[in-house]
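Residue numbering for the sequence shown follows my numbering, beginning at 1195 and increasing consecutively.
Every residue gets a Cβ at the ideal spot worked out from N, C-alpha and C, and that includes glycine.
First the structure, in the form of C-alpha cells, and then the observations on it.
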Amino acid sequence: MDLSLHLEGGTPDTSAIFAYTMEDADRVLSGTKTDCSFLNSPNIKLLQRNCESTKKRLISLKLRAIILREYYTAKRIPRGLRPHVQPTLMMHDVECCTEFINITNK
C-alpha cells in the first residue's frame, strides 16, 4: 500500500487506500438523506435548568427592588451601605458623635 502524495495535487493516493472509486462513493452518498436536525435540538434538562435559574434570579431581583423601595420610603440607608466612620475630634462627646453619624448616613 503506497500512501505517498501525488506530486501534482499534494493529496494522498486514494486508489491504494480505498477499494471503490469516487463515482461509487458519490452514488452511495447521493442516495442517503442527511437529516441532522436531531443534532441541533436543545437538551430539555438543560433548558429546564436555565429556566429555573433565570426564574430564581428574577425573583431575587424583584425582592431586592422591594427591599430598597421600603428603605427609601422609610428614609433609611441599608446597613451594608452605611459608612462606619466616627469623628476623630470630640469622640467622647455623645451628642457630637450622634450628630456626626446622622450627617454621614444622609
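inquiry  = Does Leu-1199 pass the burial test, meaning 16 or more other C-beta atoms within 10 Å, or should it be called exposed?
reply    = Position 5 of the sequence shown, counting from 1, holds the residue named residue 1199. Low confidence applies here, because Leu-1199 scores a pLDDT of 47, under 50, leaving its location unreliable; read the following figure in that light. By the neighbour-count definition (other C-beta atoms within 10 Å, threshold 16), Leu-1199 is an exposed residue.
ask   = Which residues bound the alpha helix (DSSP H) around Asn-1234?
value = By 1-based counting over the sequence shown, the position of residue 1234 is 40. First-last of the alpha helix (DSSP H) with Asn-1234: 1231-1234.
key: Collapsed DSSP secondary structure at Tyr-1214 in the structure displayed   = By one-based count along the sequence shown, residue 1214 stands at place 20. If DSSP states are grouped into helix, strand and coil, Tyr-1214 belongs with coil.
message = Taking the straight line between their C-alpha atoms, what separation do you get for Leu-1240 and Ser-1247?
response = Along the sequence shown, read from residue 1 onward, the residue named residue 1240 stands at position 46. Along the sequence shown, read from residue 1 onward, the residue named residue 1247 stands at position 53. Roughly 11 Å between the two C-alpha positions.
inquiry  = I need the straight-line Cα distance from Cys-1230 to Ala-1219, nearest angstrom please.
reply    = For the purposes of this step, residue 1230 is identified with residue 36 of the sequence shown, where counting begins at 1. For the purposes of this step, residue 1219 is identified with residue 25 of the sequence shown, where counting begins at 1. Looking at the two C-alpha atoms, the distance is approximately 20 Å.
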